[in-house]
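*Asks:* When we follow this note's numbering, the leftmost residue of the sequence shown carries the number 199, and every step to the right adds one. Ideal Cβ placement from N, Cα and C applies to all residues, glycine included. Please read these numbers as outputs of a predicted model, since none were measured by experiment.
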Amino acid sequence: LACDGAPSDCVALALMGVVEEPIDFVVSGINPNANVGLDVTYSGTVTAAMEASIGGRPGFAVSLDAPEHHDGFLDFESAAKAAVEVIFDLFNRYENELPPPIWNINVPYLPDGSYKGVQFVRQGTRIYHDVVERRDDPRGKPYYWIGGQAPTGVEEPGTDYGAMKAGFISVTPLLMDMTDTQRLTRHQSLPS
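And the structure:
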């Protein structure tokens, strides 16, 4: 089977019956670049894991922190082996929780598998260096290209970016409720 939709479309179709066999959980990835910090808000890898949770199954988004603009073969083998261990451990611990969990897993690019371990962390700070370039197509019509330097982040302990850059596999449990509870509570306490 194949689907040319977004990753979340693929998961939705599978969970709604296109795949007839029972589905215990969904693994999305391995994405060739990290999904840390605010990356999760537009990552197809992460939204596929979110769609799994919407459909009543645990979702695992797995990403590899491969070098930006890497040219040539990427070795996913050690990352895949490590991710399988983490996924089965999490699934066995949390398979019956409601809502089904969404796990964002980022693996450092260490083809020899020399990870320092696994850290359960919060989202960190991603720093983007995007620039927009105006270009002209062969017919002289303008178009815009988003480019710039590769994103970086703040190497803060206890965060996905910090753990990954320190050689750990980072695991972040995610929620889809993005309600700003502090602002909501503050607003609700204001006089009408």
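Count Cβ pairs between the segment 218-230 and the segment 261-270 that sit closer than 8 Å; are there 3 or more?
*Replies:* Taking 8 Å as the limit for Cβ pairs, the verdict is that the segment 261-270 does touch the segment 218-230.
*Asks:* Any chance you could list the beta strand (DSSP E) runs of at least 3 consecutive residues sitting entirely within the segment 282-365, in chain order?
*Replies:* Correct list: 300-306, 316-318, 324-334, 340-351.
*Asks:* Does the beta-carbon of GLU249 have 16 or more other beta-carbons within 10 angstroms, so that it is buried, or is it exposed?
*Replies:* Counting from one through the sequence shown, the residue named residue 249 turns up at place 51. The residue in question, GLU249, is buried, as its Cβ has 16 or more Cβ neighbours within 10 Å.
*Asks:* How is LEU372 classed by DSSP in three states: helix, strand or coil?
*Replies:* Taking the first residue of the sequence shown as 1, we reach residue 372 at position 174. Correct three-state label for LEU372: strand.
*Asks:* Could you pull the DSSP bridge partners for ALA259 from this structure?
*Replies:* The residue you call residue 259 lines up with position 61 of the sequence shown. According to DSSP, ALA259 bridges with SER226, ASN302.
*Asks:* Using 8 Å as the cut-off, can you tell me whether the segment 334-349 makes contact with the segment 378-385, which would need three or more C-beta pairs spanning the two stretches below that distance?
*Replies:* Touching, no, given that fewer than three Cβ pairs across the two stretches are closer than 8 Å.
*Asks:* For ILE221, which three-state DSSP category applies?
*Replies:* Taking the sequence shown and counting its residues from 1, the one referred to as residue 221 is at position 23. DSSP places ILE221 in coil when its eight states are reduced to three.
*Asks:* Taking just the CA atoms, how far does GLU331 sit from THR338?
*Replies:* As a first step, residue 338 must be located in the sequence shown, where it is residue number 140. As a first step, residue 331 must be located in the sequence shown, where it is residue number 133. Checking the sequence shown, residue 338 turns out to be Gly, not Thr. Near 15 Å, if we compare the C-alpha coordinates of GLU331 and GLY338.
*Asks:* Is it true that the CB of PHE366 sits closer than 9 Å to the CB of GLN317?
*Replies:* By one-based count along the sequence shown, residue 317 stands at place 119. By one-based count along the sequence shown, residue 366 stands at place 168. Their beta carbons are under 9 Å apart, which means GLN317 touches PHE366 by this criterion.
*Asks:* Does the segment 313-327 come into contact with the segment 348-368, if we say contact requires no fewer than three beta-carbon pairs (one atom in each stretch) closer than 8 Å?
*Replies:* Output reads yes: the segment 348-368 touches the segment 313-327.
*Asks:* Of the residues ILE221, TYR292, ALA364, PRO205, which one's Cα is nearest the Cα of LYS314?
*Replies:* If you number the sequence shown from 1, residue 314 lands on position 116. The shortest Cα separation from LYS314 among ILE221, TYR292, ALA364, PRO205 belongs to ALA364.
*Asks:* Between ILE303 and ALA281, how many whole angstroms is the CB-CB distance? I'm expecting something under 8 Å.
*Replies:* Start at 1 with the first residue of the sequence shown, and residue 303 comes out as number 105. Start at 1 with the first residue of the sequence shown, and residue 281 comes out as number 83. With 8 Å as the limit, ILE303 and ALA281 qualify as a contact, their Cβ atoms being about 6 Å apart.
*Asks:* Could you name the residues of the same chain whose beta carbon sits closer than 6 Å to that of TYR326, not counting the 5 residues immediately before and after it, in chain order?
*Replies:* For the purposes of this step, residue 326 is identified with residue 128 of the sequence shown, where counting begins at 1. Within the same chain, TYR326 has close Cβ partners PRO349.
*Asks:* Determine the closest residue to TYR240 out of ALA210, PRO220, SER206, ARG255, with distance taken between C-alpha atoms.
*Replies:* Looking up residue 240 in the sequence shown gives position 42. Among ALA210, PRO220, SER206, ARG255, the Cα nearest to that of TYR240 belongs to SER206.
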